[in-house]
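As structure tokens, the structure follows; a few thoughts come after it.
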Amino acid sequence: MTKAIAVTGTRRLERGQYARVIAELRLIDADLWHIGDADGVDRLALLTARAKAATYTRHEKNPELPYRAQGAERSTRMIKALAATGGTLHAWVNKPAPTGLKPGKSWGKAQGSGTWGTVALAVGHGLEVVLHPLTDDAIAPDWIKNAQRSLL
Numbered sequence: 026m027t028k029a030i031a032v033t034g035t036r037r038l039e040r041g042q043y044a045r046v047i048a049e050l051r052l053i054d055a056d057l058w059h060i061g062d063a064d065g066v067d068r069l070a071l072l073t074a075r076a077k078a079a080t081y082t083r084h085e086k087n088p089e090l091p092y093r094a095q096g097a098e099r100s101t102r103m104i105k106a107l108a109a110t111g112g113t114l115h116a117w118v119n120k121p122a123p124t125g126l127k128p129g130k131s132w133g134k135a136q137g138s139g140t141w142g143t144v145a146l147a148v149g150h151g152l153e154v155v156l157h158p159l160t161d162d163a164i165a166p167d168w169i170k171n172a173q174r175s176l177l
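Residue 26 is where the sequence shown starts when you use this note's numbering, and the numbers rise one by one after that.
Structure representation (structure tokens):
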């Protein structure tokens with residue numbers, strides 16, 4: 026059986042975070058990787074998937090859409106692809122979830138946080154989410170904790 030994952034995370038990693046993200050990515054055992062096309066975590070995930078010789082799909086922004094819609098559409102497409110087969114979203118978060126953000130099957134009020142918007146979308150689709158906090162204040166909101174309990 027194929028084990029699938031998707032990866033999301035900050036575009037801007039601080040100097041000490043690169044090695045940590047790479048080490049955590051290397052520990053992931055998956056046959057199929059869904060990866061975005063942003064800098065930072067997405068780029069490291071792409072390099073890791075290639076090094077592991079894993080099958081991957083790179084989900085790219087659609088330049089024909091308005092700029093502000095491109096990231097949300099890409100993330101929605103990636104999460105729907107993961108939901109079609111089942112799998113786990115791995116998310117490297119570097120700040121708290123935006124106030125008022127709730128899980129759903131469409132893009133919510135992520136207030137500029139593509140990573141948290143992708144997490145909310147994954148939870149809304151019933152996917153397991155593994156958070157990899159990069160800062161002390163990047164903690165799981167209650168709606169993730171409650172959703173994860175319901176998956177057990």
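Heads up, the beta-carbon is just placed ideally off N, CA and C, and yes, glycines get one too.
What's the gap between the Cα of Ile60 and the Cα of Lys105?
The C-alpha of Lys105 is placed about 13 Å away from the C-alpha of Ile60.
Check your understanding: Got a sec, what are the start and stop residues for the alpha helix (DSSP H) Gly139 sits in?
Key -> 139-149 is the extent of the alpha helix (DSSP H) around Gly139.
Is the beta carbon of Leu152 sitting closer than 7 Å to the one on Leu126? At the C-beta level, Leu152 and Leu126 stay beyond 7 Å of one another.
Taking just the CA atoms, how far does Lys28 sit from Glu39? One C-alpha to the other measures close to 30 Å.
Under 8 Å: do the segment 65-82 and the segment 44-51 share three or more Cβ pairs, one atom per stretch? Segments in contact, yes.
What residue range does the beta strand (DSSP E) around Gly41 cover? Careful: Gly41 lies outside any beta strand (DSSP E) and carries neither H nor E.
query = What residues match up with Leu114 in a beta bridge as DSSP calls it?
reply = DSSP output for Leu114 lists Ala31, Val154 as bridge partner(s).
CA-CA distance, Leu57 and Lys120?
Per the coordinates, the alpha-carbon of Leu57 lies some 28 Å from the alpha-carbon of Lys120.
Apart from the five residues on each side of it in sequence, which residues of its chain come closer than 6 Å, Cβ to Cβ, to Arg36? Residues Ala63, Asp64, Gly65 of the same chain have their beta carbon placed closer than 6 Å to that of Arg36, with the five preceding and five following residues left out of the count.
Check your understanding: What's the call for Arg93, buried or exposed, on a 16-neighbour Cβ count within 10 Å?
Key -> Exposed, since its Cβ has fewer than 16 Cβ neighbours within 10 Å.
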